[in-house]
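Q:
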Amino acid sequence: RGFNPVKAMKLLDETFDMEVFNLYNLLGKSEKKIKRLKGRIIGRNGEMRRAIERFAESYVSVYGKTVSIISDYDNLQISRKAVSMLLSGMPHHSVLKFLENKYNEKKREEFRKMYKPQF
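Residue numbering for the sequence shown follows the numbering used here, starting at 313 and increasing by one per position.
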């Protein structure tokens, strides 16, 4: 929901999945609260949404009363956690630190696998 067709086509790949948060169901009927929390997920000038996309290697769409994420399974878990942290009111810098740590862990693991010593 809310993705351009190129990003939506990723769902045809078996390794990709989609998660949709319905803010109306999660937060209630308060339009004011929904608008405020959508703003928290998007961030100033879209910075937080871009950070989630960059560090969790996923696509995030905030559209209407929904937040949708397209990503592979592992990164979807990270993105889901980041969005949940924002919805629960955690500070942006804490969420960014979480995303950076997960990203660095993932890259270190990839590096270890790539350069595993062969004896």
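Glycine included, every Cβ here is placed at the ideal spot set by N, Cα and C. Predicted model only: the values in this text are computed from it and were never measured.
For chain B, is any of its Cβ atoms less than 8 Å away from the one on Y371?
A: No chain B appears in the structure shown, which is made up of a single protein chain.
Q: Starting from M321 and walking both ways along the alpha helix (DSSP H), at which residues does that stretch end?
A: Careful: M321 lies outside any alpha helix (DSSP H) and carries neither H nor E.
Q: Around the Cβ of F367, are there at least 16 other Cβ atoms within 10 angstroms (buried) or fewer (exposed)?
A: buried
Q: Output the boundary residues of the alpha helix (DSSP H) element that contains E422.
A: In the DSSP annotation of this structure, the continuous segment of the alpha helix (DSSP H) that includes E422 starts and ends at H404 to M426.
Q: List the residues that DSSP assigns as beta-bridge partners of V395.
A: V395 pairs with nothing; no bridge assigned.
Q: Could you tell me the distance, in whole angstroms, from the CA atom of D325 to the CA atom of L388?
A: 14 Å
Q: Where does the unbroken alpha helix (DSSP H) through N337 begin, and where does it stop?
A: Residues L335 to L339.
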